[in-house]
Ligand code: FEO
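In my numbering, the protein residues as written are 595 to 998.
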């Protein structure tokens, strides 16, 4: 892959990771890219690096344009390993470069490298860096999605280099939204955006809204958004901003997703009348078995749906482990604006459904309770109970959905 000019004198010099299928536990069936950008100006400037395994890829791209030893400035927008871990390799080639980074970024970088031999300029929101004919203005975005995070705006080119925000895990030969949608589809791209948001940015909806509002007040003209993963938004950068605002404001489909696991199929049998009850109320429904589905896929489908019903057998008086793990993962993502309920089978004393509701309440989700519990094996009367609970749950979902 060669460097791709994205604006006059500004080049994508990143790497495409076609092979990655597990991104720290998040499944990435479509791979990803690590995007970084080189500004060829009076002072050659590199914005971000790439994951260490790909350092030679970015260096080849850079060498196609300029000797890496000529890089004078390096901006580190974010110190997570997928964007920072080639910094030592690059600094070996250009040891006198000045690194521009936030204070928190510098403190974190110190934990990874001996930085005593490198030069730093600590930047804050509003600070600028002149590369010659171009000016970079920095915008700190703490907790979007790490404490150190920031974005870089190139005024002369109306270009926002947005770091992880607005990215997607997609390996593609296309660099831009219009190219990608010509080759694949807009729907596929939206799918990738929602997947990324659900698994990485879900906890930060309020911060996202506040930061987009702050951006709006900055009087920055933006006609291109270049994230650190996936395609660059040049045809319609407003589209991704609107998608983020919609998700941050709680947009979801009127659908119930049943997410369950099962030991001897009793909890699984319950999903059938539940599904039929939900359908009878006119609501779309999807069923996901946890041990057959990667957690990040279940998270995404939950995020796209207005409500979830969680099914868990009781094992040793507590939730089935895969269900407990899913809910623990979800707790960290702090879901909002979703309705929840639970069901499950038990043999001796029960307890899993109660625990599931406790988990929902810890997350601050609205719930429909009590859920349904079945002793050993669902009989005809249990099927009727499940059908009725599914129907009521769907009716409450319809009402709840009207709030958004
Ligand atoms: Fe793509 Fe937060 O790293």
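For glycine and all other residues, C-beta sits at the position ideal for the given N, C-alpha and C.
For this session: Evaluate residue 761 with the Cβ neighbour count: other Cβ atoms within 10 Å of its Cβ, from every protein chain shown; 16 or more gives buried, anything less gives exposed.
Result: buried
Exercise. For residue 707, which three-state DSSP category applies?
Worked result: coil
Problem set entry | Beta-carbon proximity of residue 864 to residue 916, cut-off 8 Å | no
Problem set entry | Close beta carbons around residue 753, own chain, < 6 Å, minus the five adjacent residues each side | 601 and 818
Exercise. With 16 as the cutoff for other CB atoms within 10 Å, does residue 974 come out buried or exposed?
Worked result: exposed
For this session: Give the range of the beta strand (DSSP E) segment to which residue 935 is assigned.
Result: 933-940
Problem set entry | residue 850 beta carbon less than 8 Å from that of residue 892 | no
For this session: Would you list the residues whose beta-carbon is nearer than 5 Å to any heavy atom of the ligand FEO, in the order they occur in the chain?
Result: 674, 676 and 758
Exercise. Is residue 782 helix, strand or coil by DSSP?
Worked result: helix
Problem set entry | Backbone CA spacing between residue 988 and residue 907 [nearest angstrom] | 22 Å
Exercise. If you scan the region 800-856 from start to end, which runs of the alpha helix (DSSP H) of 4 or more residues do you find wholly inside it?
Worked result: 831-842
Problem set entry | 8 Å Cβ cutoff met for residue 668 and residue 697 | no
For this session: Give every residue of the same chain whose Cβ lies closer than 7 Å to the Cβ of residue 835, excluding the five residues on either side of it in the sequence, and list them in chain order.
Result: 806
Exercise. How many Å lie between residue 905 and residue 787 at the Cα?
Worked result: 28 Å
Problem set entry | Given residue 747 as reference, the closest of 887, 756, 997 and 971 once Cα atoms are compared | 756
For this session: Return the CA-CA distance between residue 604 and residue 730, expressed in angstroms with no decimal places.
Result: 12 Å
Exercise. With respect to the beta strand (DSSP E) encompassing residue 798, which residues constitute its N-terminal and C-terminal limits?
Worked result: Note, residue 798: premise wrong, no beta strand (DSSP E); not H, not E.
For this session: Could you give the DSSP three-state label for residue 743: helix, strand or coil?
Result: coil
Problem set entry | Bounding residues of the alpha helix (DSSP H) (the contiguous stretch that carries residue 859) | That residue, residue 859, is in no alpha helix (DSSP H); it is neither H nor E in DSSP.
Exercise. According to DSSP, what are the bridge partners of residue 878?
Worked result: 849
For this session: Measure how close the beta-carbons of residue 680 and residue 652 come, nearest whole angstrom, since I'm counting them as under 8 Å.
Result: 6 Å
Exercise. Assuming residue 853 contacts residue 869 under a Cβ cut-off of 8 Å, what Cβ separation, rounded to an integer in Å, is found between them?
Worked result: Residue 853 to residue 869, Cβ: 12 Å. No contact.
For this session: Measure the alpha-carbon distance for residue 615 versus residue 994 and round it to whole angstroms.
Result: 36 Å
Problem set entry | Start-to-end residues for the alpha helix (DSSP H) that takes in residue 678 | 675-678
Exercise. So residue 750 is in the alpha helix (DSSP H); what residue range does that whole segment cover?
Worked result: Careful: residue 750 lies outside any alpha helix (DSSP H) and carries neither H nor E.
Exercise. Would the C-beta of residue 781 count as close to the ligand ADP, meaning under 7 Å from any of its heavy atoms?
Worked result: Absence of the ligand ADP is noted for the structure shown, with the ligand FEO being the only ligands found.
Exercise. Hey, which unbroken runs of the beta strand (DSSP E) at 3 residues or more fall wholly within the region 889-927?
Worked result: 899-905
Exercise. Would residue 627 pass as a contact of residue 608 if the rule is Cβ separation under 8 Å?
Worked result: yes
Exercise. What did DSSP end up calling residue 663 once you bin it into helix, strand or coil?
Worked result: helix
Problem set entry | Check whether residue 1000 and residue 739 have beta carbons under 8 Å apart | Residue 1000 cannot be examined here, being either before or after the span of the chain that is shown, 595 to 998.
For this session: Compare the Cα-Cα distances from residue 961 to each of 656, 872, 720 and 950 and report the closest residue.
Result: 950
Exercise. According to DSSP, is residue 996 helix, strand or coil?
Worked result: coil
Problem set entry | Selection from 847, 824, 801 and 728 that minimises the alpha carbon distance to residue 928 | 801
Problem set entry | Proximity of residue 598 and residue 769 at Cβ, strictly below 8 Å | yes
Problem set entry | Burial state of residue 858 (16 or more Cβ within 10 Å) | exposed
Exercise. Three-state secondary structure (DSSP) at residue 616?
Worked result: strand
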